[in-house]
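Here the structure is laid out as C-alpha cells; the discussion comes afterwards.
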Amino acid sequence: MKRKLILATRNKGKLKEIQALFSDLDIDIISLDEAEDAPLVEEDGKTFMENAFKKAKVIAEATGITALADDSGLEVDALRGAPGVHSARYSGENASDASNNEKLLADLKGVSSDKRGAHFSCVSIVYHPSGRWISAEA
C-alpha cells in the first residue's frame, strides 16, 4: 500500500510540481481538495516558519495524514524585509501578481537601483500526525 502525503495547499500548480518531484517514490501525494476533513488554515504568523508549521500541524492532525506545507515570499532590504509573509496579499486581500508588483514598485520609488536588494525565502515543513516534524529553509 502506498503511503500518503497531503500537500497543505489548494494551488494546483504546486501540487503538480510536488507530484512530479515525488513520482519515483512510493508515495501518493494528495491535495487539500481530496481531504474532506481538511480545515482552512489562516496564515497569521509573523514568520514563514510559523505559517508553514501551523499549516502542516493543523492539516496533519485534522486528516491523520503526514502533511507537507510551505510558506514563502519576497524580502526587500530597503523595505526592512517587506513584503515578507505578506507577499501574496501585499496590495490587499484580493491581490494579484500585477497589483503586488505595482505596490512594490511604488514603495520603492526614490530608492536607487543599487539599494534594491532582495531575496526569496521559503520554509517547508513535513509534519507527522504523531507530532514528529522536520523543516527546511532556503
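If you want the numbering used here, it's the position in the sequence shown, counting the first as 1, plus 75. Note that the Cβ used here is the ideal one computed from N, Cα and C, for glycine as well. Because the structure is a prediction, the values reported are computed rather than measured.
Item                                                                                : Value
Length of the line joining the Cα atoms of Arg85 and Ala142                         : 13 Å
Straight-line gap, Ile200 to Ile104 (C-alpha atoms, nearest Å)                      : 15 Å
Minimum Cβ-Cβ distance from Ser205 to chain C less than 9 Å                         : Among the chains in the structure shown there is no chain C, since it carries only a single protein chain.
Under 9 Å between C-beta atoms of Leu149 and His194                                 : yes
Through-space distance from Ser196 to Lys184, alpha-carbon basis                    : 23 Å
Supposed contact pair Val198 and Phe123 - C-beta distance, whole angstroms, cut 8 Å : 4 Å
CA-to-CA distance, Gly159 to Val186, given in whole angstroms                       : 18 Å
Supposed contact pair Lys121 and Ile102 - C-beta distance, whole angstroms, cut 8 Å : Not really, about 32 Å apart at Cβ, beyond 8 Å.
First and last residue of the uninterrupted alpha helix (DSSP H) at Val198          : Counting along the chain, Val198 falls outside any alpha helix (DSSP H), though it belongs to the beta strand (DSSP E) covering 193 to 202.
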